[in-house]
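What follows is one structure encoded as structure tokens, with my remarks underneath.
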Amino acid sequence: MKGRRVVVANGPNLNTLGTREPEIYGLQTLADIQAMVDAKAHDLGWTADFFQSNHEGELVDRLQRTPADAVGVIINPAGLTHYSIALYDCLRALPVPIVEVHLSNLFARKESYRQTSVTAPAAAAVITGMGSRGYVFAMEYLSGLYE
Ligand code: DQA
158 MKGRRVVVAN
168 GPNLNTLGTR
178 EPEIYGLQTL
188 ADIQAMVDAK
198 AHDLGWTADF
208 FQSNHEGELV
218 DRLQRTPADA
228 VGVIINPAGL
238 THYSIALYDC
248 LRALPVPIVE
258 VHLSNLFARK
268 ESYRQTSVTA
278 PAAAAVITGM
288 GSRGYVFAME
298 YLSGLYE
């Protein structure tokens, strides 16, 4: 029997959304995104364990505590996407489905290194370029897995 908890993890620098390169990431703050996630979780009858860290090891520590009965993990690994094998290894070991979300379209970014995600192979799905709605779509996807 699945529980009703969704884990939503956010990587480095996402705490500065709202002022950070708004032409790329928009004007919404991470608190705005958390409010959207909480509202969707409420609609689904879930609770969201939403957190952000600028530290790779802290993200790994938090993710390792994902309950086995969680409906899934939604993660925006931010800059760690492009190089963190430690985060990839952690995600691979989780016993729940994972959705990787990016606010921007990684494939339309001018830096070529952003077109590689070392963490995405651990995910069941990747949403990139839909802004904050990507988090909500990720929750809809996870909910569909249990219908
Ligand atoms: C990001 C894209 C990453 O390349 C970048 O390092 C981020 C945010 C996104 O949501 O578009 O910090 O993950």
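According to my numbering, the sequence shown is numbered sequentially starting from 158.
Glycine residues also receive a C-beta, built at the ideal position from the N, C-alpha and C atoms.
Please return the same chain residues whose Cβ sits closer than 8 Å to the Cβ of residue 160, not counting the five positions on each side in sequence. 224, 226, 227, 228
Let me check understanding here. Comparing Cα to Cα, which of 256, 214, 243 lies closest to residue 283? 256
My guess is that residue 190 and residue 292 are in contact by the Cβ rule of under 8 Å, so how many angstroms apart are they, rounded? 6 Å
Any chance the CB of residue 172 is under 7 Å from a heavy atom of ligand 1? no
For a test of the three-state rule: what should DSSP assign to residue 306, helix, strand or coil? There is simply no residue 306 to check, as the chain begins at 158 and stops at 304 in what is shown.
Fully enclosed by the stretch 229-261, which beta strand (DSSP E) runs are 3 residues long or longer? 229-233, 255-259
Spatial distance of residue 174 from residue 202 (CA atoms): 27 Å
Spell out whether any CB of chain C is found under 8 Å from the CB atom of residue 171. Absent from the structure is chain C; it holds one protein chain and no more.
Reference residue 278, options 221, 248, 163, 193, closest by Cα: 248
What did DSSP end up calling residue 167 once you bin it into helix, strand or coil? strand
Please say whether residue 259 and residue 236 have beta carbons closer to each other than 8 Å? no
Beta-carbon proximity of residue 253 to residue 206, cut-off 8 Å: no
Taking the straight line between their C-alpha atoms, what separation do you get for residue 204 and residue 195? 7 Å
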